[in-house]
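Novice: Same order as they appear, the protein sequences are chains A, B, C, D, E and F. Heads up, the first sequence is in our numbering, so the first residue is 130 and it goes up one at a time. Heads up, the second sequence is in our numbering, so the first residue is 130 and it goes up one at a time. Heads up, the third sequence is in our numbering, so the first residue is 130 and it goes up one at a time. Heads up, the fourth sequence is in our numbering, so the first residue is 130 and it goes up one at a time. Heads up, the fifth sequence is in our numbering, so the first residue is 130 and it goes up one at a time. Heads up, the sixth sequence is in our numbering, so the first residue is 130 and it goes up one at a time. Cβ coordinates follow ideal geometry from the N, Cα and C atoms, glycine included. Quick caveat: nothing in here was measured; it's all calculated off a predicted structure. Sharing a structure, written as structure tokens. Questions coming.
Protein chains: 6
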Amino acid sequence: MTEHLRSELVKIKREDTELTVTCPDAGPVAIEAAYDEALAVPPTLKLVQKADEQGYDAAIIACFSDPGIEAAKEIANILVVGIQEAALHVAAMLGAKFTILTPMRQRIPHKYREVRRYKMEQALASVRALDMSVTETDADPEGTKKRILEVSRQAAEQDGAEVIILGCAGMVGYAEDVTRELGLVVLDPSSVALKICEGMVDAKLMHSKRALFAKPPAKEYKGMK
Amino acid sequence: MTEHLRSELVKIKREDTELTVTCPDAGPVAIEAAYDEALAVPPTLKLVQKADEQGYDAAIIACFSDPGIEAAKEIANILVVGIQEAALHVAAMLGAKFTILTPMRQRIPHKYREVRRYKMEQALASVRALDMSVTETDADPEGTKKRILEVSRQAAEQDGAEVIILGCAGMVGYAEDVTRELGLVVLDPSSVALKICEGMVDAKLMHSKRALFAKPPAKEYKGMK
Amino acid sequence: MTEHLRSELVKIKREDTELTVTCPDAGPVAIEAAYDEALAVPPTLKLVQKADEQGYDAAIIACFSDPGIEAAKEIANILVVGIQEAALHVAAMLGAKFTILTPMRQRIPHKYREVRRYKMEQALASVRALDMSVTETDADPEGTKKRILEVSRQAAEQDGAEVIILGCAGMVGYAEDVTRELGLVVLDPSSVALKICEGMVDAKLMHSKRALFAKPPAKEYKGMK
Amino acid sequence: MTEHLRSELVKIKREDTELTVTCPDAGPVAIEAAYDEALAVPPTLKLVQKADEQGYDAAIIACFSDPGIEAAKEIANILVVGIQEAALHVAAMLGAKFTILTPMRQRIPHKYREVRRYKMEQALASVRALDMSVTETDADPEGTKKRILEVSRQAAEQDGAEVIILGCAGMVGYAEDVTRELGLVVLDPSSVALKICEGMVDAKLMHSKRALFAKPPAKEYKGMK
Amino acid sequence: MTEHLRSELVKIKREDTELTVTCPDAGPVAIEAAYDEALAVPPTLKLVQKADEQGYDAAIIACFSDPGIEAAKEIANILVVGIQEAALHVAAMLGAKFTILTPMRQRIPHKYREVRRYKMEQALASVRALDMSVTETDADPEGTKKRILEVSRQAAEQDGAEVIILGCAGMVGYAEDVTRELGLVVLDPSSVALKICEGMVDAKLMHSKRALFAKPPAKEYKGMK
Amino acid sequence: MTEHLRSELVKIKREDTELTVTCPDAGPVAIEAAYDEALAVPPTLKLVQKADEQGYDAAIIACFSDPGIEAAKEIANILVVGIQEAALHVAAMLGAKFTILTPMRQRIPHKYREVRRYKMEQALASVRALDMSVTETDADPEGTKKRILEVSRQAAEQDGAEVIILGCAGMVGYAEDVTRELGLVVLDPSSVALKICEGMVDAKLMHSKRALFAKPPAKEYKGMK
């Protein structure tokens, strides 16, 4: 998955962008619940810290639920971008409303919560599930493609969506039919985040450290090195 | 702090309630940032899991930012209550609007975010800071008392608050003047959560496991025991 | 109906709770419209006043539309709880969104209005009607049970509900299948209100009398004793 | 007061409008609380019913809190208009935001509630109090005038109000300076309601009886004639 | 179309109302896009200016998208009313929620935007399309009537609408069945605006010129006479 | 002004970006009202059309009120970006809330309207005015700098802003102190839009033409060439 993401992003990055795609060496092998996020966040934060120390201009957290994004912005002295936040804001500029596709039905309320976290619920048409696990999308590319088209059509016709956000890496690569047949814009959040992030770095933009993302007061963290 | 909380709660619990107050043995010594929360959550979740295994009826997460509440509800087979969520909902029943008091000004936007997480922003009058650190409130009880009264008065007169939520353990114990002089209701979130939780257990209430708090799919968690 | 409510509540009240269930001796025999509420309120307020004078700790208005709740809170020196307000706030803690079941379709917009009155519309999945009158639910328990299951399923699958609030006394007693088959939490507002109220009395909580529920200025009430 | 209202309205009514201004013979002598409203509503509804039976085209409830408006719309076969609802909607057409003036500070949260009832809170700049009782406004016209100007200026400069709604009969008649000095539009709700109502009757408009204002199902009303 | 509008309005105007119905001599022959509006606005503003100079009491912009309404209110010294704004506010008084009918599906998101512009989205049930062009509604009165009834029924049953706003001139004249069969109120925006406008002129109401609709600062307009 | 904008943007554009900065040859010399916008839009749209025909990848409308943005997106086959929409969305990623600075107080309600148009009002801290005309900011750089710092401080301390959006070209160039003294991020909308636009073009993003920005149906435009 890390490999796949790297190969996708390398294709679209600017020539002068130095890109490292990496993955925490501890934590859940997939993020399918708030519990998984909770365990993925501490090792992710270490990677952000490392990127900061190594002189990167920005760090992108490339999981659609943007795990640990607030904490990362607090501890980093460099720009931190979540792929969901970038995708939601770009989507809002490209059409009346957007729909998020997510693999499993069970996660729909969680996705609504996150859109509210970003205060973007007014531009949200709906969250819709493929009803396919990541394993299933991997095993059946034809079925996945068909299902994405079908759910996108429902989003457009029933919910008024004009933009589709692919809420999972396994969905990337099937967008063409959706655009051609339905006139919808399809966003791959990782790609969008990379391009927006390049622009923000150029413009020397950084999140404010005044309050919401202020550096945590120094303290003891028991049992942690 | 754990000791102090225990002694407060023991006073108001029902006689037939068996209460254990405990604290994670790892993590930050105080929670003053999203980063602190991120590191506090994994050990907190272990305590919730343990409470569940040991046959408790419910677990209360007694830090005002309700760290890990979603993850805890996912993994537990017992009722989990956050002291913030209980306080917000009870506050909304007791007056037109409520104000949350928080120690440091810097954390105000974070508090607004959390009220939005619980969809209670319409009942929120304001978040106001004492501009005193926890150390300062501990060192100066008279000053703390005066400051709580002063900020509560501003909340009432300028923001229309009728209920004050004490957003930090260090503030508990100074409420009387606020109620007598200003006609405001003052809530200590831990106490409120305990009493609401007792009632919910009696009524055999449990959060739904259908979707938002569904059990996480089984998977490997690398580097964790 | 009063008798039935008493027998239900007696089962779940705490042993040390002294409970009186009573009914105004004037007013409509059922509350199915704002007009019915308007005529039910004055005699209801007299009962609240009486409870206050007789030294009760709290009064619960046990009709789902919480008739006269603001006025009751104004005139009472004791805690007043509406069963709808208690149910809405507890529901919001137990799942992503809740649906209210109401007997007749015609009353749906009225229910939406009331959820807005309590500022809880963001947690509302939907209001759905059984399309059965109270007489019909009384006459056909099997049909009622089936209908509740059917409508709850629609609420869960189409509206994203995780909690069902039974918006009418006639619906109580059929909840088990809904929970077992659909993973939904089902709330009986009267029971919820009683348990929450017990906890609030223990915690010595009272609504603020500062403004929204301030005592009405003394005045002449013409033609009233 | 009834007399005063009549003389004001007679001046602005259309020549062909037949106008009767009347007052319930029972109930509170002033409406300053939800409790007062609760007792004023039943006799008010009788007057609406009578107007309907006597062949009037419309009934206007001329108290700013629109007491009993939903019930009145349910039972009437003629158009019923509340002076608050008419004023809020007209105000929203005449400027960016409006402020409601109310006599006593204590009633401010109640006024916010009502604006929410009409779903007009997005156009509301603020509710501000004169801090004068009705008796005081009657006794001191010069002081009242000065105070209205002062509070209107605060509403304009601090809250962005462009329209002022006079939320009490005692305030009518002092508007000129507010308009001339501040460029604000000042609305007297009774006058606005009368003119809007005349237009609606001309256009044969009637509220829908489909659901929210449907006729209450027939039933026994115990102890009532 | 101008002729048809004139004949409709003449029927319902007050006898003492002097009414001129006119049309810009430049611009698009129909308004079906923001682009069409953009080109229609400058000549429309000239007509408003002319009405002001000629001593009219008010100007009504009789196209449902209220093109140029803010600019018109800025430059005019007389009352300016948009037929959409009048219809939305009257609709909100007549039932729980309203639905706007529009000819073509493509324009639905635009209509939502406009309802938001007027801050009336909370009273909006839905926007629904006839899926008929203006040409088609002209050519097939029977089909149009049937389609309006069908779509209104969906609005009532699926979206909870109690009021239907006819968002296009071609729909006027088919309302009776909708009211009789469905209990819905049907509004023709032009008629509503005329009657509301007559009342507002009587009451000497004018929009505030303080800020939102303040006269534009004098400046050079290059290439314009 | 066009010259100044060009020199600013040339500094930050990517080397491989071919940039043309141009200005309509007709219309108001400044945009200070909806009326000015109404007259500026038709000539602006011609420039967008020309850019499209000449093979540009994107057009940026570089006036903070984004005049004609919807119409431009309708008629263009290339990406169109407004500098306000880009700034609002980027601002929302960089801090808790943002404040917009505008020259004159009178335009504040108009700015609120536009933030609502973009559905970004939940991230808005406030709109605040410098109370200086464009002429004054040009004539007094020291005073302007001082005033920007002063108003930004109010935005931060009283409204909770963490990001400042410079809502007028005359304000650009004084940001450093604001960032250093207050910890605020300051955005120049034109610069932000250029960098975001470069990224969107790279990612081959285009607004959806399905409905909101669909091509206007062909029709006659009377009196226009």
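Output the boundary residues of the alpha helix (DSSP H) element that contains C/T308.
Specialist: For the purposes of this step, residue 308 of chain C is taken as residue 179 along the third sequence, with counting starting at 1. Counting along the chain, the alpha helix (DSSP H) containing C/T308 begins and ends at A304 to L311.
Novice: Between which two residues does the alpha helix (DSSP H) containing F/L323 stretch?
Specialist: Position 194 of the sixth sequence holds residue 323 of chain F. Segment P318 to D331, the alpha helix (DSSP H) holding F/L323.
Novice: F/S319 to A/L313, Cα distance in whole Å?
Specialist: Along the sixth sequence, read from residue 1 onward, the residue named residue 319 of chain F stands at position 190. Along the first sequence, read from residue 1 onward, the residue named residue 313 of chain A stands at position 184. Cα-Cα distance, rounded: 28 Å.
Novice: Looking only at its own chain, which residues have a Cβ that is under 6 Å from the Cβ of B/G197, when we skip the five neighbours before and after it?
Specialist: By one-based count along the second sequence, residue 197 of chain B stands at place 68. Excluding positions up to five away in sequence, the list reads V170, T173 and L174.
Novice: Check distances from the C-beta atoms of the region 334-345 of chain D to those of chain E and list, in chain order, the residues that come in under 9 Å.
Specialist: Residues L334, M335, H336, S337, K338, R339, A340, L341, F342 and A343.
Novice: Could you please tell me which residues of the region 229-247 of chain B, in chain order, have their CB closer than 7 Å to any CB of chain F?
Specialist: Result list: I237 and P238.
Novice: Could you compute how far the alpha carbon of E/M261 sits from the alpha carbon of E/M300?
Specialist: In the fifth sequence, the residue the question calls residue 261 of chain E occupies position 132. In the fifth sequence, the residue the question calls residue 300 of chain E occupies position 171. C-alpha separation (whole angstroms): 10 Å.
Novice: Does the beta-carbon of F/R309 have 16 or more other beta-carbons within 10 angstroms, so that it is buried, or is it exposed?
Specialist: Taking the first residue of the sixth sequence as 1, we reach residue 309 of chain F at position 180. Classification for F/R309: exposed.
Novice: Could you work out which residue in C/G296, C/A322, C/R276 and C/A343 is closest to D/R234 when comparing CA atoms only?
Specialist: As a working mapping, residue 234 of chain D is identified with position 105 in the fourth sequence. The option with the nearest alpha carbon to D/R234 is C/A343.
Novice: Which residues, taken in chain order from the region 288-318 of chain C, show a beta carbon closer than 8 Å to some beta carbon of chain A?
Specialist: Those would be G289 and E291, in chain order.
Novice: Does the beta carbon of A/D165 fall short of 7 Å from some heavy atom of the ligand SAM?
Specialist: In the structure shown, the ligand SAM is absent, as is every other ligand, since no ligand is present at all.
Novice: Spell out whether any CB of chain A is found under 8 Å from the CB atom of F/Q183.
Specialist: The sequence position of residue 183 of chain F within the sixth sequence is 54, counting from 1. No, no contact with chain A.
Novice: Three-state secondary structure (DSSP) at B/T146?
Specialist: Here residue 146 of chain B is taken as the residue at index 17 of the second sequence, counted from 1. The answer is coil: DSSP assigns B/T146 none of H, G, I, E or B.
Novice: Going along the chain, which residues of its own chain have a beta-carbon closer than 7 Å to the beta-carbon of B/A205, five neighbours each way excluded?
Specialist: Taking the second sequence and counting its residues from 1, one reaches residue 205 of chain B at position 76. Counting only Cβ-Cβ distances below 7 Å, and skipping sequence neighbours, we find V177, D181 and A188.
Novice: Would you verify that the beta carbon of A/M261 is, or is not, closer than 8 Å to some beta carbon of chain B?
Specialist: Counted from its first residue, the first sequence places residue 261 of chain A at position 132. Chain B contact via Cβ: absent.
Novice: Under 8 Å, do E/L316 and E/V280 count as touching if we go by C-beta distance?
Specialist: In the fifth sequence, counting from the first residue as 1, residue 316 of chain E sits at position 187. In the fifth sequence, counting from the first residue as 1, residue 280 of chain E sits at position 151. Cβ atoms of E/L316 and E/V280: not closer than 8 Å.
Novice: Put B/S262 into one of helix, strand or coil per three-state DSSP.
Specialist: For the purposes of this step, residue 262 of chain B is taken as residue 133 along the second sequence, with counting starting at 1. Note: B/S262 maps to coil in three-state DSSP.
Novice: Give the residues from the region 179-205 of chain E that approach chain F closer than 7 Å (Cβ to any Cβ), ordered along the chain.
Specialist: So the close ones are G197, E199, A200, E203 and I204.
Novice: For F/V263, which option in E/K348, E/F227, E/L168 and E/C152 has the closest C-alpha, if you only look at C-alpha atoms?
Specialist: Locating residue 263 of chain F in the sixth sequence gives position 134, counting from the first residue. Of E/K348, E/F227, E/L168 and E/C152, the residue nearest in Cα terms is E/K348.
Novice: Using DSSP with H/G/I as helix, E/B as strand and the rest coil, what is F/S337?
Specialist: Position 208 of the sixth sequence holds residue 337 of chain F. Here F/S337 sits in coil by DSSP.
Novice: Quick one: which chain E residues come within Cβ less than 8 Å of F/V170?
Specialist: Working through the sixth sequence from its first residue, we reach residue 170 of chain F at position 41. Ordered by position in chain E, the residues that pass the 8 Å Cβ test against F/V170 are A167 and V170.
Novice: Compile a chain-ordered list of the residues in the region 152-167 of chain E whose CB is closer than 9 Å to at least one CB of chain F.
Specialist: Under the 9 Å Cβ criterion, the region 152-167 of chain E contributes P153, D154, A155, G156, P157, V158, A159, E161, A162, A163, Y164, D165, E166 and A167.
Novice: Answer yes or no: do A/A216 and A/V307 have a C-beta to C-beta separation smaller than 8 Å?
Specialist: For the purposes of this step, residue 216 of chain A is taken as residue 87 along the first sequence, with counting starting at 1. For the purposes of this step, residue 307 of chain A is taken as residue 178 along the first sequence, with counting starting at 1. No, they are not a contact pair.
Novice: Please classify E/H133 as buried or exposed, where buried requires at least 16 other C-beta atoms within 10 Å of its C-beta.
Specialist: The residue given as residue 133 of chain E occupies position 4 in the fifth sequence. Exposed is the call here.
Novice: In chain order, what residues of the same chain lie with their CB nearer than 7 Å to the CB of C/E410, ignoring the 5 residues before and after it?
Specialist: With chain C running from 130 to 354 in the structure shown, residue 410 of chain C is simply not present.
Novice: Mind checking who E/F227 pairs with in its DSSP beta bridge?
Specialist: As a first step, residue 227 of chain E must be located in the fifth sequence, where it is residue number 98. Partner(s): E/L253 and E/V292.
Novice: Could you tell me if A/L372 is buried or exposed, where buried requires 16 or more neighbouring beta carbons within 10 angstroms of its beta carbon?
Specialist: Chain A is shown only over 130 to 354; residue 372 of chain A falls outside these bounds and no answer can be derived.
Novice: Would you mind giving the Cβ-Cβ distance between C/R257 and C/A284, rounded to the nearest angstrom? I have them listed as a contact below 8 Å.
Specialist: Sequence index remark: in the third sequence, residue 257 of chain C carries index 128 (1-based). Sequence index remark: in the third sequence, residue 284 of chain C carries index 155 (1-based). 6 Å between Cβ atoms; contact.
Novice: Between the Cα of B/D288 and the Cα atoms of D/G296, D/S255 and D/I294, which residue gives the shortest distance?
Specialist: Position 159 of the second sequence holds residue 288 of chain B. Of the listed residues, the one whose Cα sits closest to B/D288 is D/S255.
Novice: Which class does D/I207 belong to by DSSP, given the choice of helix, strand or coil?
Specialist: Counting from 1 along the fourth sequence, the entry for residue 207 of chain D is found at position 78. Coil at D/I207, not helix or strand.
Novice: Does the beta carbon of F/A225 come closer than 8 Å to any beta carbon on chain B?
Specialist: Your numbering for residue 225 of chain F matches position 96 in the sixth sequence. By this cut-off, F/A225 is an interface position.
Novice: Counting only beta-carbon atoms, is D/E214 nearer than 8 Å to chain C?
Specialist: On the fourth sequence, position 85 is the one that residue 214 of chain D refers to. No, no contact with chain C.
Novice: Would a C-beta distance cut-off of 8 Å place A/L341 and F/G224 closer than the cut-off?
Specialist: Translated into the one-based positions of the first sequence, residue 341 of chain A becomes position 212. Translated into the one-based positions of the sixth sequence, residue 224 of chain F becomes position 95. In contact: A/L341 and F/G224 (Cβ atoms closer than 8 Å).
Novice: What's the gap between the Cα of C/M335 and the Cα of B/A201?
Specialist: Here residue 335 of chain C refers to the residue found at position 206 when the third sequence is read from its first residue. Here residue 201 of chain B refers to the residue found at position 72 when the second sequence is read from its first residue. One C-alpha to the other measures close to 31 Å.
Novice: Alpha carbons only, please: which of C/D165, C/C152, C/R135 and C/F227 is nearest the one belonging to D/Y350?
Specialist: By one-based count along the fourth sequence, residue 350 of chain D stands at place 221. Looking at the Cα atoms, C/D165 is the closest of the given residues.
Novice: Determine the closest residue to F/A167 out of E/E203, E/I229, E/E250 and E/I237, with distance taken between C-alpha atoms.
Specialist: Sequence index remark: in the sixth sequence, residue 167 of chain F carries index 38 (1-based). Cα-wise, what sits closest to F/A167 is E/E203.
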